[in-house]
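Here full-length UniProt numbering is used: the first residue of the sequence shown is 1, the next is one more, and so on.
A short worksheet on the structure shown next.
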Amino acid sequence: MICTRLLPRYYSAPSISHFNQRILNLNRTHRVTKLNDALQLFDEMLQRQPPPSIIQFTKLITFIVQMKQYSTALILINQMKLTGLPVDIYTMNISINCHCRLNQVSYGFALLATIFKQGHPPNLATYTTLIHGLVLADRGFEAVELFKKLLRERLCEPNQIMFGTVINGLCKVGHTSKALELLRFMETGSCKPGVEQYSVVIDSLCKDRMVDDALQLFAKMTEKGVLADVITYSCLIQGLCNFGRETEAAKMLRDMEGEGVSPDVNTFNILVNSFCKKGSVKDAELAVQAMIRRGLEPNVITYSSLIDGYCLRGDVDKAKKVLDGMLERDIEPDIMTYNSLINGYCKKKRIDKAIHLFQEIQNKGFFPDVITYNTMLQGLFLSENLVKARELFNKMQARGQAPDICTYRILFHGMCDNGQCYDALFLFHSLENKELMKDVGLYNILIDGCSKCGKPNLAMELFDELLLKGLKPDVKTYTVMISVYFQEGLLGKGKDLLRKMEDNGCLPDSVAYNVIVQELLKKNECQEAANFLEEMINRGFMPDSATFEELLPRIPNVGKESRLRTIIQKLTSVERNDGRVTN
Numbered sequence: 001m002i003c004t005r006l007l008p009r010y011y012s013a014p015s016i017s018h019f020n021q022r023i024l025n026l027n028r029t030h031r032v033t034k035l036n037d038a039l040q041l042f043d044e045m046l047q048r049q050p051p052p053s054i055i056q057f058t059k060l061i062t063f064i065v066q067m068k069q070y071s072t073a074l075i076l077i078n079q080m081k082l083t084g085l086p087v088d089i090y091t092m093n094i095s096i097n098c099h100c101r102l103n104q105v106s107y108g109f110a111l112l113a114t115i116f117k118q119g120h121p122p123n124l125a126t127y128t129t130l131i132h133g134l135v136l137a138d139r140g141f142e143a144v145e146l147f148k149k150l151l152r153e154r155l156c157e158p159n160q161i162m163f164g165t166v167i168n169g170l171c172k173v174g175h176t177s178k179a180l181e182l183l184r185f186m187e188t189g190s191c192k193p194g195v196e197q198y199s200v201v202i203d204s205l206c207k208d209r210m211v212d213d214a215l216q217l218f219a220k221m222t223e224k225g226v227l228a229d230v231i232t233y234s235c236l237i238q239g240l241c242n243f244g245r246e247t248e249a250a251k252m253l254r255d256m257e258g259e260g261v262s263p264d265v266n267t268f269n270i271l272v273n274s275f276c277k278k279g280s281v282k283d284a285e286l287a288v289q290a291m292i293r294r295g296l297e298p299n300v301i302t303y304s305s306l307i308d309g310y311c312l313r314g315d316v317d318k319a320k321k322v323l324d325g326m327l328e329r330d331i332e333p334d335i336m337t338y339n340s341l342i343n344g345y346c347k348k349k350r351i352d353k354a355i356h357l358f359q360e361i362q363n364k365g366f367f368p369d370v371i372t373y374n375t376m377l378q379g380l381f382l383s384e385n386l387v388k389a390r391e392l393f394n395k396m397q398a399r400g401q402a403p404d405i406c407t408y409r410i411l412f413h414g415m416c417d418n419g420q421c422y423d424a425l426f427l428f429h430s431l432e433n434k435e436l437m438k439d440v441g442l443y444n445i446l447i448d449g450c451s452k453c454g455k456p457n458l459a460m461e462l463f464d465e466l467l468l469k470g471l472k473p474d475v476k477t478y479t480v481m482i483s484v485y486f487q488e489g490l491l492g493k494g495k496d497l498l499r500k501m502e503d504n505g506c507l508p509d510s511v512a513y514n515v516i517v518q519e520l521l522k523k524n525e526c527q528e529a530a531n532f533l534e535e536m537i538n539r540g541f542m543p544d545s546a547t548f549e550e551l552l553p554r555i556p557n558v559g560k561e562s563r564l565r566t567i568i569q570k571l572t573s574v575e576r577n578d579g580r581v582t583n
């Protein structure tokens, strides 16, 4: 609780202009002392006789709210009430805003009731603040209902800010089409939409994968004379990049400059990141050069994207040069930047480099996060460094970093791949987190691992355990288990499971069919294999190379009848398209 200090009352009272100047001077105060200075001034104002007007108190508290000190502002308003200062509608609106910002929107509506009781008519700001509070609390539908009530009962005339708040709320809950309708309604009324309202809907359309609709709305907006800003262009550039349309995005950046709108670092970073993810690091470098020519300084996001791009391309040495360049420019990399480079080293099996960098970041005072540990674990298992992987897993927990589901998936996969199925099972069954033990993905790894380790009985036991827990097997679970049954000669059980899989609404995919056909061919069950092969082709799936390797030696010489040869001939008469076939 904030208490005002007991100061001597001002009988030679400072003037109103004195307090006004003090409030203005707060903007120039150092950030650390700004709040303390504001509280000191509030104390002096409260002690003054007669006290300054409510307008000056409101100015000071507004300043405190701008510092996001919402609880402090509410305490000060309460102290004003206790001293008998009259509180006006503006002060009440500040209180409502503070409660809404603190996720206490119900208190905001309680204050609305108080406003009515005190005979103050709520104004536009009151209702806009409440609508915004509902949006902040993810109660978008209620925000829309309140807005409709205001229109229906003509309680106030909405302005751009209120319309924008409702449009933002609709977009936030996924009702972009409704937001677009409201935007159209604004266009027909006296309160026309501005660039802020258009930008919110354009951004939402892009996020809904409707980038062409967003471009159409952008065109209509500019036709109406509404000038786009950097936010509008950035939303569209991001939307185009999400669809792999970087060429159009780069053109839009040039158009943006032609319209006199200067792109910021964030705009360029969107392009750089997109080029890097696509593997076009050269284009990303050109974008960075263009950024520098415009006097913009690349930041940690820019360099991190480049490091990611080089690592994806397998060029970790260039990624390391980018990191060194960052350090030379006194741009401190974040943990995500280091994670990218560690991941690059691990994928190239340069585990010594990864370990060195892992140690180096800790020496610099960075705390590895769960992604760092997961990346290192994967790299150690990939390099068959089992002992160090287990040691790292133990250190991770000892240092207070809780493993997540990805950690255990990497751990069990690595252990099973290296013949440590029993250890993996023991660790799995000793997990204290019961939610993790309900993860079908972990069961899939362990079932597949036991199968590959030559422990089919353990795989079957795990599958039974999964079903007893009421967990729902996915296509991977069924595929592995059907393979296990076929390998063990339990063809009947394998076929039954396949049909049960379909009855449970889990249709076999290309991988499942290929595994089934391969296992049947290995058992010389050629007729059954032919049945599934035909079913597979009829569903639009294509045999993979491993299936062909099993299939071709079993086709008899020319002159002998064979269903398998007929199927092969059929395959040669269809077009292959991304693993699927079309007649």
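The beta-carbon is built from N, C-alpha and C at its ideal position, and this holds for glycine as well.
- Task: Please report how far the alpha carbon of L551 lies from the alpha carbon of L564, in whole angstroms.
- Result: As a working note, residue 551 is residue 551 in the sequence shown. As a working note, residue 564 is residue 564 in the sequence shown. Computed Cα separation, rounded: 8 Å.
- Within 10 angstroms of the Cβ of P193, are there 16 or more other Cβ atoms? Answer buried if so, exposed if not. As a first step, residue 193 must be located in the sequence shown, where it is residue number 193. By the neighbour-count rule (16 or more Cβ atoms within 10 Å), P193 is buried.
- Three-state secondary structure (DSSP) at F243? As a first step, residue 243 is located in the sequence shown; it is residue number 243 there, counting from the start. F243: coil per DSSP, three-state reduction.
- Three-state secondary structure (DSSP) of F366: Along the sequence shown, read from residue 1 onward, the residue named residue 366 stands at position 366. Looking at F366 - three-state DSSP - the assignment turns out to be coil, as it is neither helix nor strand.
- Task: Just mark L520 as buried or exposed, buried being the case when its beta carbon has 16 or more other beta carbons within 10 Å.
- Result: Your numbering for residue 520 matches position 520 in the sequence shown. Buried, because 16 or more other Cβ atoms sit within 10 Å of the Cβ of L520.
- Given 8 Å as the limit, is there contact between the segment 393-402 and the segment 418-425, that is, 3 or more CB pairs closer than that? no
- Message: Quick check on the burial criterion: 16 or more other C-beta atoms within 10 angstroms. Buried or exposed for Q527?
- Response: One-based indexing of the sequence shown puts residue 527 at position 527. Counting Cβ neighbours within 10 Å, Q527 comes out exposed, since fewer than 16 surround it.
- Query: Is DSSP giving R399 helix, strand or coil here?
  - Reply: The sequence position of residue 399 within the sequence shown is 399, counting from 1. Here R399 sits in coil by DSSP.
- Item | Three-state secondary structure (DSSP) of R152 | What you label residue 152 is simply residue 152 of the sequence shown in a count that begins at 1. Helix at R152.
- Message: Does R294 come out as helix, strand or coil in the three-state DSSP assignment?
- Response: Indexing the sequence shown from 1 puts residue 294 at position 294. In the structure shown, R294 sits in coil (DSSP, three-state: anything other than H, G, I, E or B).
- Contact set for M326: own chain, Cβ-Cβ below 6 Å, skip 5 residues either direction: On the sequence shown, position 326 is the one that residue 326 refers to. Excluding residues within five positions, the ones whose Cβ falls inside 6 Å are Y303 and P333.
- Task: Would you tell me roughly how many angstroms separate the C-alpha atoms of D264 and L296, rounded to the nearest one?
- Result: Indexing the sequence shown from 1 puts residue 264 at position 264. Indexing the sequence shown from 1 puts residue 296 at position 296. C-alpha separation (whole angstroms): 7 Å.
- Task: Give me the Cα-Cα distance between Y127 and K353, rounded to the nearest whole angstrom.
- Result: What you label residue 127 is simply residue 127 of the sequence shown in a count that begins at 1. What you label residue 353 is simply residue 353 of the sequence shown in a count that begins at 1. Looking at the two C-alpha atoms, the distance is approximately 59 Å.
- Query: Once you ignore the five residues that flank H120 on each side, which residues in its own chain have a CB closer than 6 Å to its CB?
  - Reply: Here the question's residue 120 lines up with position 120 in the sequence shown. So the qualifying residues of the chain are I89.
- Task: Please state whether DSSP places A48 in a helix, a strand or coil.
- Result: Working through the sequence shown from its first residue, we reach residue 48 at position 48. First, the residue type needs correcting, since residue 48 is Arg and not Ala in the sequence shown. Strand.
- Query: Comparing alpha-carbon positions, which option in F463, L533, M186 and L312 lies nearest S274?
  - Reply: Sequence index remark: in the sequence shown, residue 274 carries index 274 (1-based). With distances taken between Cα atoms, S274 lies closest to L312.
- Task: Between the Cα of P122 and those of N103, N93 and L253, spot the shortest distance and give me the residue it belongs to.
- Result: On the sequence shown, position 122 is the one that residue 122 refers to. Minimum Cα distance to P122 is reached at N93.
- Query: By Cβ distance below 8 Å, which residues in the same chain neighbour I410 in space, the five residues on each side in sequence not counted?
  - Reply: Taking the sequence shown and counting its residues from 1, the one referred to as residue 410 is at position 410. Cβ within range, chain order: N374, L377, Q378 and F381.
- Message: For a minimum of 4 consecutive residues, which ranges assigned as the alpha helix (DSSP H) are wholly contained in the UniProt repeat "PPR" (334-368)?
- Response: 335-347 and 351-363
- Task: Drop a sphere of 10 angstroms on the beta-carbon of G84, count the other beta-carbons inside from all chains shown, and report buried for 16 or more, exposed for fewer.
- Result: Position 84 of the sequence shown holds residue 84. That one is exposed.
- In whole angstroms, what separates the C-alpha of residue 596 from that of R329? With the chain covering only 1 through 583, there is no way to say anything about residue 596.
- Item | For R31, three-class secondary structure by DSSP | On the sequence shown, residue 31 is found 31 positions in, with the first residue counted as 1. Low confidence applies to R31: its pLDDT is 49, below 50, so where it sits in the model is not reliable, and the reading given next is rough at best. Helix at R31.
- Query: Does the Cβ-Cβ distance between I167 and L150 come in under 8 Å?
  - Reply: The residue you call residue 167 lines up with position 167 of the sequence shown. The residue you call residue 150 lines up with position 150 of the sequence shown. Cβ distance not < 8 Å, so I167 and L150 don't count as in contact.
- Query: Within this structure, are the beta carbons of C421 and G449 separated by less than 8 Å?
  - Reply: For this step, residue 421 is matched to residue 421 along the sequence shown. For this step, residue 449 is matched to residue 449 along the sequence shown. A contact, by the Cβ cut-off of 8 Å.
- Task: State the CB to CB distance for the pair G169 and G140, rounded to an integer number of angstroms; the pair is presumed to be in contact (CB under 8 Å).
- Result: Residue numbering aside, residue 169 sits at position 169 when the sequence shown is read from its first letter. Residue numbering aside, residue 140 sits at position 140 when the sequence shown is read from its first letter. At roughly 4 Å, the Cβ-Cβ gap stays under 8 Å, so G169 and G140 are in contact.
- If G164 and V200 are in contact, beta carbons under 8 Å, what's the gap, nearest whole angstrom? As a first step, residue 164 is located in the sequence shown; it is residue number 164 there, counting from the start. As a first step, residue 200 is located in the sequence shown; it is residue number 200 there, counting from the start. Between V200 and G164 the Cβ distance is about 7 Å, and since that is below 8 Å, they are a contact.
- Would you report the Cα separation of G133 and G314, rounded to the nearest angstrom? As a first step, residue 133 must be located in the sequence shown, where it is residue number 133. As a first step, residue 314 must be located in the sequence shown, where it is residue number 314. Distance between the alpha carbons of G133 and G314 is about 48 Å.
- Message: Quick check for students: name the residue ranges of the alpha helix (DSSP H) that lie wholly in the segment 183-246, counting only runs of 4 or more.
- Response: 195-207, 211-223 and 230-242
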